[in-house]
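Asker:
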């Protein structure tokens, strides 16, 4: 950077700011070491596997530079942007100025400018500007056709004005709209919260745990501390350096955490162990040429058999094991001595020329053609058969060329081997996971999903139930969110929000939308004395009297003035996205051999945090549940989660999230999941039994808005919700209600019965 344009870093950063920048650096170092794709972290739609990280560089954008295979990322890290100020001393302008300087002096389409901050920053930065920049990247010619609310419109005008002003001050000439659009397409706002207990910290710990660190929290703290040194010394860290630093703390300091395989695999012959077709032998070892003189296959394989088709006859041999070398066959027999010690095995050798087959041109060509396939599948690092990750130190490399199957080469679990898989070598992690119960768990996939998932699960977990066990009612009707229309909510300050179904903008047919619109406007007109408002941060809607009790201290209430039925666009969802999933990712427990879900005496466990699995597993063992070796399977979207729930319910299973049991196998912790309609029907039936009877003069009625007040407890905030049925009475004469919690103006998908004595009307 020229002296004239050198940006004054002006003053020392706050301790909180320094600590946050260290934590951001530690997050990227963790991603670098574990090979984690950071594209979702920075919201850049490219494969971003880190090659090196550079701290406090001499670049125009100087906090952190990240070099990846497909892009270079220049980061400015600001823990909190309080406002979008035009002051030259504001954190926002300092960061944007660095971006503009580099854009002018060193423009490259491969550069990406990322302003990293936290959710403590102003909405105009973390929401409005982020949304505008995303919209421009999605459609740089018609982005202004997307409806902007008043706040977004003001933010866009401010940002555009500042770009023009900064550009002229730096370059000395006026700029144009084309440059502004190019600049916007390269700028990203990334929200990375890294407080203790945050989802990003947990993700980092999970990634480190996947690499064999028994105490990943200690490694994280070390990386955070090291980042201060790296920044002070303006150091750069590449793969070899981070590996050298961390391998001494792993469970086997002599091994690198990487995959073992040899690309020099044999292609020209088949070594088979088959069931014998001659007398006085149980099995035969047969050595065969794979190809004829011009490279055509001499035999084919199907249904666990080798098939040789001749004019006069078809020969079929039952194959037990197949590999590419005699060494591989001897290794298999040695590993399975218990199966063959008392068996007679004869050897049928091929022509001596078979030893030279690997040097033939057509064999070499076949090998070169297939090396990229092997390399690609080694990078993916999941079993070709079960598609689950491989976390052990022993696995097979195989070639699949069986009739009816796609030809491929890659790794498989040893236990997934099929008789006709052509074993071409061994592979595995040089340092396997120390926890066998997390065998084959794909930590990277989990971390990539959890940062924008479990929206509903998180809300449910964070509620205070005072020892009561809530029941989650799953509404299968919410799985279908279709229609060409959606409802826009206009607020008094000219901002917009939308009606949501979980994390998605709710969609309607025209008829459904018009009906809903009529209902909403009727509610609006009938609530003049207690008008409908929305909170200024999350845009939760409700009556003024309700929201004043629920809003955060830094939130304002904005009056809802009207609803409109408008055409739905996928672009609305992309730029208004909150979370991707309400429930996913979650884990199901599967039997390692049969690949079928495990149930604990008819309880099907759902796991929401793999880091808690050890504790849950220990509890199940102590409770006396007996099951074989297991593995966790990730369910990566809400639709699949719903399909699994439906299957479990149809089979009569009880589904529980994170279950814990006492020594009598009674459920003591966890969240039972039931079908929404079954739950409502059950409560209605209970009201007609001896245990729960309707009351002639109930004190509480269906639809009442209430709060729960626990005696002898100091409560700053009371759980609030709505009643689903009139008050009922049990056979002991105690009165109960069916309570559905409401948080931030939205009903949660769980309901439970509560004693009436704890209920107060709002």
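Numbering (this note's numbering), first residue to last: 579 to 1340. Built from N, CA and C at the ideal position, the CB exists for glycine as well.
1. Quick one: what's got a C-beta closer than 7 Å to residue 858's C-beta in the same chain, skipping five residues either side?
2. My understanding is that residue 999 touches residue 978, with C-beta atoms under 8 Å, so please give their C-beta distance in whole angstroms.
3. Could you tell me the alpha carbon to alpha carbon distance between residue 930 and residue 687, rounded to whole angstroms?
4. Starting from the Cα of residue 868, find the closest Cα among 637, 733, 801, 941 and give me that residue.
5. So residue 1077 is in the alpha helix (DSSP H); what residue range does that whole segment cover?
6. Taking only three categories from DSSP, how would you classify residue 1345?
7. Using the beta-carbon count (16 or more within 10 Å), is residue 855 buried or exposed?
8. Please specify which runs of the alpha helix (DSSP H), each continuous and at least 4 residues long, are wholly inside the segment 927-963, giving them in chain order.
9. For residue 531, name the three-state secondary structure that DSSP assigns.
10. Would you report the Cα separation of residue 811 and residue 616, rounded to the nearest angstrom?
11. With burial defined as no fewer than 16 other Cβ atoms inside 10 Å of the residue's Cβ, what is the status of residue 876: buried or exposed?
12. Can you check which of these residues, 637, 668, 647, 666, is closest to residue 653 by C-alpha distance?
13. Please state whether DSSP places residue 966 in a helix, a strand or coil.
14. Would residue 785 pass as a contact of residue 797 if the rule is Cβ separation under 8 Å?
15. Thinking C-beta only, is residue 961 closer than 8 Å to residue 1002?
16. Could you check where the alpha helix (DSSP H) with residue 810 kicks off and where it finishes?
17. Checking contacts by CB at 8 Å: is residue 1108 closer than that to chain C?
18. To the nearest whole angstrom, what separates the beta carbons of residue 1158 and residue 1030, a pair I think is in contact under 8 Å?
19. Could you say which of 927, 800, 805, 706 lies nearest to residue 848 if we only look at CA atoms?
20. Inspect the CB distances between the segment 1231-1245 and the segment 1181-1189 and report whether three or more fall short of 8 Å.
21. Please classify residue 1279: does DSSP put it in a helix, a strand, or coil?
22. Would you kindly report the start and end of the unbroken beta strand (DSSP E) that includes residue 899?
23. From residue 1111 to residue 1093, what does the alpha carbon distance come to, in whole angstroms?
24. How many angstroms separate the CA atom of residue 1280 from the CA atom of residue 767?
25. Can you tell me which of the three DSSP states residue 1268 falls into?
26. Could I get the ranges of all uninterrupted alpha helix (DSSP H) runs contained in the segment 619-707, with 4 residues as the minimum, in chain order?
27. Would you mind reading off the limits of the alpha helix (DSSP H) that contains residue 763?
28. Given a cut-off of 8 Å, decide if residue 902 and residue 844 are closer than it, judged by their beta-carbon atoms.
29. Please report how far the alpha carbon of residue 628 lies from the alpha carbon of residue 1124, in whole angstroms.
30. Among 851, 1174, 1084, 1216, which residue has its Cα nearest to the Cα of residue 1028?
31. Mapping DSSP to helix, strand and coil, what is residue 1086?
32. Quick check on residue 994: does DSSP put it in helix, strand or coil?
33. Determine whether the beta carbon atoms of residue 1317 and residue 1301 lie at a separation below 8 Å.
34. If I'm right that residue 740 touches residue 674 with Cβ under 8 Å, what's the distance once you round it to whole angstroms?
35. Drop a sphere of 10 angstroms on the beta-carbon of residue 874, count the other beta-carbons inside from all chains shown, and report buried for 16 or more, exposed for fewer.
36. On the three-pair Cβ rule with 8 Å, is the segment 1251-1259 touching the segment 1189-1209?
Answerer: For this structure:
1. Correct list, in chain order: 922.
2. 6 Å
3. 59 Å
4. Residue 941 is the option with its Cα nearest to residue 868.
5. Taken as a continuous stretch (DSSP letters only), residue 1077 belongs to no alpha helix (DSSP H), as it is neither H nor E.
6. The question about residue 1345 has no answer here: the residues shown for the chain are numbered 579 through 1340.
7. exposed
8. Counting whole runs of 4 or more residues, the segment 927-963 contains the alpha helix (DSSP H) stretches 939-958.
9. No statement about residue 531 is possible, as the shown extent of the chain runs from 579 to 1340 and does not include it.
10. 25 Å
11. Residue 876 comes out exposed.
12. 637
13. coil
14. no
15. Result no, Cβ atoms of residue 1002 and residue 961 do not sit closer than 8 Å.
16. 794-810
17. Among the chains of the structure shown, chain C does not appear; only one protein chain is present.
18. 4 Å
19. 927
20. Between the segment 1231-1245 and the segment 1181-1189 there are three or more inter-stretch CB-CB distances shorter than 8 Å, so the stretches are counted as touching.
21. Residue state, collapsed to three classes: coil.
22. 892-901 is the span of the beta strand (DSSP E), which, as asked, contains residue 899.
23. Taking the straight line joining both Cα atoms gives about 21 Å.
24. 45 Å
25. Residue confidence is low: residue 1268 scores 46 on pLDDT, short of 50, so the model does not pin down where it sits. No coordinate-derived value is stated.
26. 669-683
27. 755-763
28. yes
29. 48 Å
30. 1216
31. strand
32. helix
33. yes
34. 6 Å
35. So residue 874 counts as exposed.
36. no
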